[in-house]
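The block underneath contains the structure these notes are about, expressed in structure tokens.
Number of protein chains: 4
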Amino acid sequence: MSSTYGKIFKISTFGESHGRAIGVVVDGCPAGVDFDELSIQNELDRRKPGQSRITTQRKEADSFEVLSGVFEGKTTGTPIALVIFNEDQKSKDYAHIADKFRPSHADFTYSTKYGVRDYRGGGRSSARETAARVAAGALAKMVLNYHGIEIYSYVSQVGAMKLNKSYQELDLSKIDDNAVRCPDAEMAEKMFNYIDQVRKDGDSIGGVITGVIKNVPAGWGEPVFDKLHAELGKAMLSINAVKGFEYGSGFDGVELLGSQHNDAFYTDDNGKVKTKTNHSGGIQGGISNGEDIYFRVAFKPVATIMIDQDSVNAAGEAVTVSGKGRHDPCVLPRAVPIVDAMSALVLVDAMLRARVNRL
Amino acid sequence: MSSTYGKIFKISTFGESHGRAIGVVVDGCPAGVDFDELSIQNELDRRKPGQSRITTQRKEADSFEVLSGVFEGKTTGTPIALVIFNEDQKSKDYAHIADKFRPSHADFTYSTKYGVRDYRGGGRSSARETAARVAAGALAKMVLNYHGIEIYSYVSQVGAMKLNKSYQELDLSKIDDNAVRCPDAEMAEKMFNYIDQVRKDGDSIGGVITGVIKNVPAGWGEPVFDKLHAELGKAMLSINAVKGFEYGSGFDGVELLGSQHNDAFYTDDNGKVKTKTNHSGGIQGGISNGEDIYFRVAFKPVATIMIDQDSVNAAGEAVTVSGKGRHDPCVLPRAVPIVDAMSALVLVDAMLRARVNRL
Amino acid sequence: MSSTYGKIFKISTFGESHGRAIGVVVDGCPAGVDFDELSIQNELDRRKPGQSRITTQRKEADSFEVLSGVFEGKTTGTPIALVIFNEDQKSKDYAHIADKFRPSHADFTYSTKYGVRDYRGGGRSSARETAARVAAGALAKMVLNYHGIEIYSYVSQVGAMKLNKSYQELDLSKIDDNAVRCPDAEMAEKMFNYIDQVRKDGDSIGGVITGVIKNVPAGWGEPVFDKLHAELGKAMLSINAVKGFEYGSGFDGVELLGSQHNDAFYTDDNGKVKTKTNHSGGIQGGISNGEDIYFRVAFKPVATIMIDQDSVNAAGEAVTVSGKGRHDPCVLPRAVPIVDAMSALVLVDAMLRARVNRL
Amino acid sequence: MSSTYGKIFKISTFGESHGRAIGVVVDGCPAGVDFDELSIQNELDRRKPGQSRITTQRKEADSFEVLSGVFEGKTTGTPIALVIFNEDQKSKDYAHIADKFRPSHADFTYSTKYGVRDYRGGGRSSARETAARVAAGALAKMVLNYHGIEIYSYVSQVGAMKLNKSYQELDLSKIDDNAVRCPDAEMAEKMFNYIDQVRKDGDSIGGVITGVIKNVPAGWGEPVFDKLHAELGKAMLSINAVKGFEYGSGFDGVELLGSQHNDAFYTDDNGKVKTKTNHSGGIQGGISNGEDIYFRVAFKPVATIMIDQDSVNAAGEAVTVSGKGRHDPCVLPRAVPIVDAMSALVLVDAMLRARVNRL
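Going down the list, the sequences are from chains U, X, L and H. Sequential numbering from 1 applies to the first sequence in our numbering. Sequential numbering from 360 applies to the second sequence in our numbering. Sequential numbering from 719 applies to the third sequence in our numbering. Sequential numbering from 1078 applies to the fourth sequence in our numbering.
Set out below in structure tokens:
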């Protein structure tokens, strides 16, 4: 297992869905950051269950404690440990699946890999782990905000319901105005109703989150292997349920000719080099070029559904897996702060790494 | 810059397009591998320029030398250095772009990041760097082949021309039967003619490569950050011109319901746990489940075209960039061995890392 | 700051002397380890203050909590977080030194490096941080013990008082029989009385700890940079107050001729290759050779003394630093479990890394 | 095997004693360094064989080639590959030891670890590998020199012959004035004659090298694990034949009382915080404090001697190992540039890492 991310701003997450606690240690956060506890809690609240009837009704306050690394309101350059104690540690809810492999969950692969498995609520493979990322990401944002970077993400597709507007046509300040976290109110309402129907059917549905990062100066990203978009891609693909990542023109761009796709340079009135179009998605050769960075992340329908499914148990015998209890019919709304967090973690590391390029 | 990849099977590449040499040092290759020089040369030949009229006519023999790590035909567990000396080191061909930023190339971002830049043929940002990856990947394949792993990739889309067959419907032994590296002869011919037309127009076109990996046992991949598909995604996104990555059901899968998308488990006649469908793409929770791994990689049209383009120079003045000489109208055919190589590098590292899961 | 150690068995420690808590996250512990809480507490008890009148009288129970990674008594292969909440978080005791740089402490260097500093009890630079290492080391020992490895260390010198016996002449089961942790009862008593006198003088004294590791099979250690003794050296030198490390013949060995120093090989009655002498200290070319590993670690007299000292404050003005309260006149007895822990952390990582040497 | 060192200024070395070449790839060298080929050759010349009659008479020109990363006389921020082709690749000289384990060499441990071994001249375990370090270290020095750092080392002990002067009492500009590389001419002559006698006896002798680093600003070094002296210790211990490392007061310092050992702070006439003494060796809490850094490195007598020795072969049978050919009776003179190189590699990495401490 590898629960660490980052070369300089390094995070190490821990915790199981129904264990004692989840949390994160951030090693390498610069000293002197004004530590804003509220901004961390705010991000955790955006991710927590029970926000509306289209998210799981499981209750977790997701309040966190700072165990180290902050003194008199500032980070000290030492490791910052953030912990969220789990309120719900009941094992009995999961007795019925202790021995079964739920379809498209990680039960089978964890059992095969490790020989043992904490089956309660998915254990370590649960998306509950992402709360730790959100906390660390909120800290990363404090650093980035100081340097003027802005990070956004929003739901741009649910099932076949796709928002046909680019991010430039949307008011990104409205992302949190509705339960779906789609900044287009009309589309958000349609998505909400659709997700609600899927919920009533006991089923689940996938979707797409669009990410946007503004004000990144030219020069961040470390080719040839740690290209900025490669790090973003890895970070997004490491989120539960993600199946795809594209940036800039993405998969659609493959149909364009080079003469259509190339972004012509020009010098703006302030003498700054800019591009007329931005098919590159703000990154050229793996390094930011000063334009907006944007990308899309595909989420599959989550595996937990309230419908009976065929499977096998640890002995290889055919069994039926029955859904019971609480589930997220669509994780997209709650995944928005997770995408934000991973963007921030990638960017803060890229920012710090860019400080050592020159003599 | 970060030119290293891998945690255990670690590679460190070096070299510029028109410098003295390019190459790679592999630190962490297991001892005892029967070192097959021919298989490395074969992969390099699949990537080299001048294979057909739809690839660049630049001539590079791309023959390599082994500087270390092999003794009496076997790897010794010590670093293996592979070097390809460049035949073509003429700087003068590039004098006309020394001071200009070619649209959608990395000229501007490298200049901004490092302050200096080897402008000859793109320098370090050139796709020539991938020859070193191909050599290292061929070595990785030797290790994987010993353990029965099979790696394939092929061109499945060029521009809007999309092969509407799954990999199961194709004969993967026919990938190298044509210049396009699409195993469907009929589609390959159409693609070839289309690329040839783009070439005559002095333009370029993008496409998609599909990757397939067979016989990976259940248990490879290191959640939560180094999930197998996250590593594959990063590896593919680090290849020049790549704009997107998806695995299993990918972006299309977002439109499915969970009840459609989940892969039901069953036990086959040999007592092995299998899934009835494979929307998961052979990976669940970031760990291989024993099914085929498959994924798609989007390549943009390459930036070098033979058509005049608007741009600016280092002083910020408006200039025209004129294409001259040789170019690849479509990099997909030559990118196939690069995708293979990156698959192999990801898999061999995953294999070795899986050896330390248990007491 | 870098608070992580290990390539496979990776630890990330956190916490300040007088912050909310200290702790460690272990990422990469193999699954299936019988988790023995008592053995962790036992090691923490060996390190904790107040064990005898020659250690600091500060009171810390140093009881720990397991936050993750253990299920039904076994490690699951997921990160194991261990936390020790600090009982004593009073800041006021340290108001008198908040602005002063204590001689030979890290006050000045931390302030200069980070711009801010948690001055309470040394903050992050306090040896309290080593409690987290001891907890992680106890976990490492569980893994090693399963494989038969034995780890010992003991106090072999205090000030000029040097035990003139090799480790083979001592009964290593008697290390904890006295407060000094010197297995020679007679010498231990002399050392105790000497340390007690130093304590009464308000002064401090240094010493040497000898480490011994038995039953390591041939083949552990990763040349050329991560040689087994280089990792041991780094690990020991990272402990507070350590000024030197030597293994095998060490500094004394430089006076020998090669013909005296070389360890002749022979084959024992079981057909095992052994050496007649062991000047090599169980390691040749950076790799264990199957003989006992042994080494010596030099500790300076700790900087905290109860005697007035000249210094400067943050404004650069001359000030007097007065010792008050509680101090360790000699850290050696409490450092024994820390040396044990670092030995275990080095060895467990070496063991796991040795699993990937061969095809 | 792990042949990589450094977090930001990362080196990856390769090559065997009698293979095709040895070399190093430096990934992470800042852009804009004035690349001075002569300074690299000069350091290689200091390390090469055959400098005087007290070093091995083996002949290697040790001239190097730059394969990448330098353009128009400056580093470009891309990987710099330096290669030294071996002139002497004859295997036959080593046929007599192909199957034997030479006492205190790495023959046995490499064979056991990897199953195969390049026996020619020690293969990868040969100190020839350090030529690659010296080349990389010379590059590191270019970066450090730009920032004013000065690095010295010299032979301060051979066998029992110990220079009883501190580095402050010596003229460090005279280090290369004699073949021993001891800046005290009188002592150097004695050492030379002693080594020459050992050579005539076909034996070998150990010694100590003292390292000194000047002008390092306060603030370099990354506690708690990558303390500056811990990295120096690891780096030195990774050099062939090194058995011990101490810095500042070292092993002798354990006998001092805290009141004697503590370095009192004062403010000098320029308003700079200084210490009156420097038992700390320029490092407090793992971070440089602005004073001189100094340390001592113990080298054992090298294992190759011209005297018959008892040993076993790969089959475990008793054999005699006879020395023949060329050997270094004392490696210390040639190890001086290696210690310099490792100092530079540690310091340059520390310098770059210190750039990310603050917001």
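From the three backbone atoms N, C-alpha and C, an ideal C-beta is built for every residue, glycine too.
Counting along the chain, the unbroken alpha helix (DSSP H) around A1412(H) starts and ends at L1409 to R1430. Below the 7 angstroms Cβ cutoff, chain L contributes V972 as neighbours of Q1234(H), in chain order.
Annotated three-state conformation of R917(L) is helix, per DSSP.
Rounded to whole angstroms, the separation of the alpha carbons of T985(L) and I758(L) is 39 angstroms. Contact between I1005(L) and L946(L) holds: their C-beta atoms lie close to 6 angstroms from each other, under 8 angstroms. Contact annotation: in the region 183-198 of chain U, no residue has its CB less than 8 angstroms from a CB in chain L. For D530(X), same chain residues with a beta-carbon under 7 angstroms away, outside a window of 5 residues either side, are P542 in chain order. Here DSSP, grouped into helix, strand and coil, assigns G617(X) to helix. Pairwise C-beta distances place the region 1117-1126 of chain H out of contact with the region 369-381 of chain X, as fewer than three of them are shorter than 8 angstroms. Within its own chain, the residues whose Cβ lies closer than 7 angstroms to the Cβ of A1108(H), once the five positions on either side in sequence are excluded, are T1152, T1153 and G1154, listed in chain order. The three-state secondary structure of N574(X), taken from DSSP, is coil. In the displayed model, L531(X) falls within a helix according to three-state DSSP. At a Cβ-Cβ threshold of 8 angstroms, V517(X) and L691(X) count as neighbours. Taking all protein chains in view, the Cβ of Y505(X) is surrounded by fewer than 16 other Cβ atoms within 10 Å, so the residue is classified as exposed.
Interface residue (Cβ-Cβ distance to chain U less than 8 angstroms): Y1343(H) is not classified as such. Exclusion of the five residues before and after A594(X) leaves M701 and V705 as the residues of its chain whose Cβ lies within less than 6 angstroms of its Cβ.
Interface flag for L1429(H) against chain U is set, since a Cβ pair is found closer than 8 angstroms. Taking 8 angstroms as the threshold, the shortest C-beta distance from D780(L) to chain H does not fall below it.
In this model, R1179(H) and K1401(H) are separated by some 12 angstroms (Cα to Cα). Listed by position along chain U, the residues whose Cβ is nearer than 9 angstroms to that of I1085(H) are K7, I8, R353 and V356.
Looking at the DSSP output, S1006(L) shares a beta bridge with I1001(L). Inclusion of C1407(H) and G1284(H) in the CB contact set at 8 angstroms is warranted, their separation being smaller than that value.
The three-state secondary structure of G675(X), taken from DSSP, is coil.
Sequence-distant Cβ neighbours of K631(X) in its own chain, meaning closer than 8 angstroms and more than five residues away, are G649. For R655(X), the uninterrupted beta strand (DSSP E) run begins and ends at I652 to F658, by DSSP. When Cβ-Cβ separations below 8 angstroms define contact, K818(L) makes no contact with chain U. Per DSSP, Q516(X) is one residue of the beta strand (DSSP E) stretching across E509 to V517. Per DSSP, the continuous alpha helix (DSSP H) segment holding I758(L) begins and ends at E755 to R765.
Annotation for R1123(H): P1414 place their beta carbon closer than 6 angstroms to its own, counting only its chain and skipping 5 residues before and after. Contact annotation for S362(X) against chain H: D1104 and P1156 [CB-CB distance below 7 angstroms, chain order]. For E1394(H) and I508(X), the gap between their C-alpha atoms comes out near 41 angstroms.
Contact between S68(U) and R776(L) does not hold, since the beta-carbon distance rounds to 19 angstroms and is not under 8 angstroms. Around the CB of K1125(H), 16 or more other CB atoms lie within 10 Å, so the residue is classed as buried.
Bounds of the alpha helix (DSSP H) holding S470(X) are D466 to Y473. Cβ neighbours of G1330(H) within its own chain (closer than 8 angstroms, five residues either side excluded): H1338 and H1356.
At a cut-off of 8 angstroms between beta-carbon atoms, G382(X) makes contact with chain H.
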